[in-house]
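>
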Amino acid sequence: MNEKLIDQFMSKEGVRDVIRIFTEENIEICFVGGCIRDVLAGIQSHDIDFAINCVPEETIRVLSNNNIKFDDYGKKYGSILAIINNNKFEITSLREDVNQKGRDTDVKFTNDWHKDALRRDFTMNAMYLFPSGALHDYFDGQSDVANQQIRFIGDIEQRIQEDYLRILRFYRFLGCFKDRKILDNYERILCRNIPNIDNHISNEVMRSEILKMLKNIYAINSLSDFHDPTLKNDLIKRINDWWIRDDYHLGIQKCMNEVDKYFSD
Numbered sequence: 005m006n007e008k009l010i011d012q013f014m015s016k017e018g019v020r021d022v023i024r025i026f027t028e029e030n031i032e033i034c035f036v037g038g039c040i041r042d043v044l045a046g047i048q049s050h051d052i053d054f055a056i057n058c059v060p061e062e063t064i065r066v067l068s069n070n071n072i073k074f075d076d077y078g079k080k081y082g083s084i085l086a087i088i089n090n091n092k093f094e095i096t097s098l099r100e101d102v103n104q105k106g107r108d109t110d111v112k113f114t115n116d117w118h119k120d121a122l123r124r125d126f127t128m129n130a131m132y133l134f135p136s137g138a139l140h141d142y143f144d145g146q147s148d149v150a151n152q153q154i155r156f157i158g159d160i161e162q163r164i165q166e167d168y169l170r171i172l173r174f175y176r177f178l179g180c181f182k183d184r185k186i187l188d189n190y191e192r193i194l195c196r197n198i199p200n201i202d203n204h205i206s207n208e209v210m211r212s213e214i215l216k217m218l219k220n221i222y223a224i225n226s227l228s229d230f231h232d233p234t235l236k237n238d239l240i241k242r243i244n245d246w247w248i249r250d251d252y253h254l255g256i257q258k259c260m261n262e263v264d265k266y267f268s269d
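In terms of the working numbering, the sequence shown is residues 5 to 269.
Structure follows, in structure tokens:
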């Protein structure tokens, strides 16, 4: 099965080149995160991301030596964007996130794959597939995808309070599943922390996340109440209220109007 996943990723132009140039330098590189999650969930994956066992300066050196264009906008966080014939690949160095405060964090680079996995939000986003076919799945993300559920890595409340964007991401990824399942106590903890989003996440970022929800194959599962799919969930209702308060027309007119279509008679 892993070989089929690799073949699917390799069919995208530029992927073989990225793997080759780093492998020739004896630098470990692998597929990570969303591309693996999407394929396991039966969803077409558009973006392919890599995790790499070197510091970002090394990533830049190898790309430069091979005349591959790149953008180092995310260098502070270890992320370098490789660009091959308009195909973009995010290549991120293994790291630990320390002293995390909301959306901000200090970064410590590491060569430990497990430590890199620990910083990630959900089990299904912490899977690493190597070109050899080896799959590192430290938290059994495969089972969670198969069970159509999203599970935080570590204590859910602590992980949410490290970065409140994770609440929005949780709801967004529910739209990947036809029959979403919510783990015990998750609803209570999520709803308790939703009000804090208002003080930590900008309206623009909220809007971006909702637009991504609307693109999901099962968008209704990102937008609807956990118990009554004919009603909007607490997250959507609160964001709508905040946008009305802030007179945020772009969100109301270009985003919530699209959400409303899922709940019209």
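All residues carry an ideal CB built from backbone N, CA and C; glycine is no exception.
Within a Cβ cutoff of 6 Å, which residues of the same chain sit near E161, ignoring the five residues on either side of it in sequence?
Numbered from 1 along the sequence shown, position 157 holds the residue referred to as residue 161. The answer, listed in chain order, is I193.
> Can you look up Q48 in the DSSP assignment and give me helix, strand or coil?
On the sequence shown, residue 48 is found 44 positions in, with the first residue counted as 1. Here Q48 sits in coil by DSSP.
> In this structure, how does DSSP classify A86 when only helix, strand and coil are distinguished?
As a first step, residue 86 must be located in the sequence shown, where it is residue number 82. Of the three classes helix, strand and coil, the one that applies to A86 here is strand, per DSSP.
> Assign S49 to one of two classes, buried (16 or more other C-beta atoms within 10 Å of its C-beta) or exposed (fewer than that).
Here residue 49 refers to the residue found at position 45 when the sequence shown is read from its first residue. By the 10 Å Cβ count, S49 comes out buried.
> If we call anything under 8 Å between Cβ atoms a contact, is S97 one with F113?
Start at 1 with the first residue of the sequence shown, and residue 97 comes out as number 93. Start at 1 with the first residue of the sequence shown, and residue 113 comes out as number 109. Yes. Within cutoff.
> For E100, which of helix, strand or coil comes out of DSSP?
Here residue 100 corresponds to residue number 96 of the sequence shown, with the count starting at 1. In the structure shown, E100 sits in a strand (DSSP, three-state: E or B).
> Is the separation between the beta-carbon of D76 and that of I64 shorter than 8 Å?
Locating residue 76 in the sequence shown gives position 72, counting from the first residue. Locating residue 64 in the sequence shown gives position 60, counting from the first residue. Yes; because the gap between Cβ atoms is below 8 Å, this pair is in contact.
> Give the C-beta separation of W247 and M260 to the nearest angstrom, bearing in mind that I take them to be a contact with Cβ-Cβ under 8 Å.
In the sequence shown, residue 247 corresponds to position 243, counting from 1. In the sequence shown, residue 260 corresponds to position 256, counting from 1. The Cβ separation is near 7 Å, so the contact holds.
> For the beta strand (DSSP E) containing G78, name the first residue and the last one.
Translated into positions along the sequence shown, residue 78 becomes position 74. Its beta strand (DSSP E) spans residues K73 to G78.
> Three-state secondary structure (DSSP) at C34?
As a first step, residue 34 must be located in the sequence shown, where it is residue number 30. If DSSP states are grouped into helix, strand and coil, C34 belongs with the strands.
> Tell me the residue span of the alpha helix (DSSP H) that contains H231.
Along the sequence shown, one-based indexing puts residue 231 at 227. No alpha helix (DSSP H) holds H231; DSSP gives it neither H nor E.
> Work out the CA separation of R196 and G179 for me, nearest whole Å.
As a position in the sequence shown, residue 179 is number 175, starting the count at 1. As a position in the sequence shown, residue 196 is number 192, starting the count at 1. Looking at the two C-alpha atoms, the distance is approximately 21 Å.
> Can you tell me whether D167 is helix, strand or coil according to DSSP?
What you label residue 167 is simply residue 163 of the sequence shown in a count that begins at 1. Coil, per DSSP.
> Between K216 and the rest of its own chain, which residues show a CB-CB distance below 6 Å, the 5 nearest in sequence each way excluded?
On the sequence shown, residue 216 is found 212 positions in, with the first residue counted as 1. Same-chain partners within the cutoff: R176.
> Helix, strand or coil for V66 per DSSP?
As a first step, residue 66 must be located in the sequence shown, where it is residue number 62. Reduced to three states, the DSSP call for V66 is helix.
> What do you reckon, are the CB atoms on L223 and Y190 nearer than 8 Å?
Translated into the one-based positions of the sequence shown, residue 223 becomes position 219. Translated into the one-based positions of the sequence shown, residue 190 becomes position 186. In the sequence as displayed, the identity of residue 223 is Ala instead of Leu. No, the Cβ-Cβ distance between A223 and Y190 is not below 8 Å.
> Would you mind reading off the limits of the alpha helix (DSSP H) that contains F26?
Your numbering for residue 26 matches position 22 in the sequence shown. Taken as a continuous stretch (DSSP letters only), the alpha helix (DSSP H) holding F26 covers V19 to T27.
> With respect to the beta strand (DSSP E) encompassing M210, which residues constitute its N-terminal and C-terminal limits?
Numbered from its first residue, the sequence shown carries residue 210 at position 206. First-last for M210: N207 to L218, but that is the alpha helix (DSSP H), not the beta strand (DSSP E).
> Leaving out the 5 sequence neighbours to the left and right, which residues in its chain are closer than 7 Å to N70 when beta-carbon positions are compared?
Translated into positions along the sequence shown, residue 70 becomes position 66. Contacts found: I25.
> Helix, strand or coil for Y175? Go by DSSP, reduced to three states.
Residue numbering aside, residue 175 sits at position 171 when the sequence shown is read from its first letter. Helix, per DSSP.
> If I follow the unbroken beta strand (DSSP E) through Y132, where does it start and stop?
Here the question's residue 132 lines up with position 128 in the sequence shown. Unbroken beta strand (DSSP E) run through Y132: M131 to L133.
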